[in-house]
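J.:
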Amino acid sequence: MGILGDDEDAQEAFTQFANDEPCPALDPDTGTCDLYEYRPMTCRVFGPPVRNEGGGLGICELCFRGATHEQIAACEMTPDPDNLEQSILDEMPSNSENTIVAFVLAK
Numbered sequence: 331m332g333i334l335g336d337d338e339d340a341q342e343a344f345t346q347f348a349n350d351e352p353c354p355a356l357d358p359d360t361g362t363c364d365l366y367e368y369r370p371m372t373c374r375v376f377g378p379p380v381r382n383e384g385g386g387l388g389i390c391e392l393c394f395r396g397a398t399h400e401q402i403a404a405c406e407m408t409p410d411p412d413n414l415e416q417s418i419l420d421e422m423p424s425n426s427e428n429t430i431v432a433f434v435l436a437k
């Protein structure tokens, strides 16, 4: 059914799922994207530098290969500048079951 377990082990397994797997669209010989010109929206929004809870910038290494720290910092984005995610969470019933979408919104 796709319902995420709500215990800590299930959430950790979901977080780590496929972390070490390369993208199937990457050419194994060159490491470049075979779909870049026609890449899906998921790919288009993946990789911008986003500040993490530890204060560092998380990036997609493929997107910023050879870039300086200054160049990376210049591309930093804030994914939810108006805090819309919290307003969506506030509207969700407190007794709703965890779904993958709800779990992601809650993180």
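Numbering-wise (my numbering), the sequence shown opens with residue 331 and increments by one. Beta carbons are placed, not taken as given, at the ideal position from N, Cα and C, and that holds for glycine. All figures in this text were calculated on a predicted structure; none of them were measured in a lab.
Quick check: the Cα distance between D336 and R381, rounded to an integer number of angstroms?
T.: Answer to the nearest angstrom: the Cα atoms are 27 Å apart.
J.: Using C-beta distances below 7 Å, list every residue in its chain close to R369, excluding the 5 sequence neighbours before and after it, in chain order.
T.: Contacts found: C363.
J.: Tell me where the alpha helix (DSSP H) around L392 begins and ends.
T.: Looking at the DSSP string, L392 is not in any alpha helix (DSSP H), and its letter there is neither H nor E.
J.: I think P379 touches E406, with their Cβ atoms under 8 Å apart; what is that distance to the nearest whole Å?
T.: Confirmed, about 5 Å.
J.: Can you tell me whether DSSP reads C363 as helix, strand or coil?
T.: Of the three classes helix, strand and coil, the one that applies to C363 here is strand, per DSSP.
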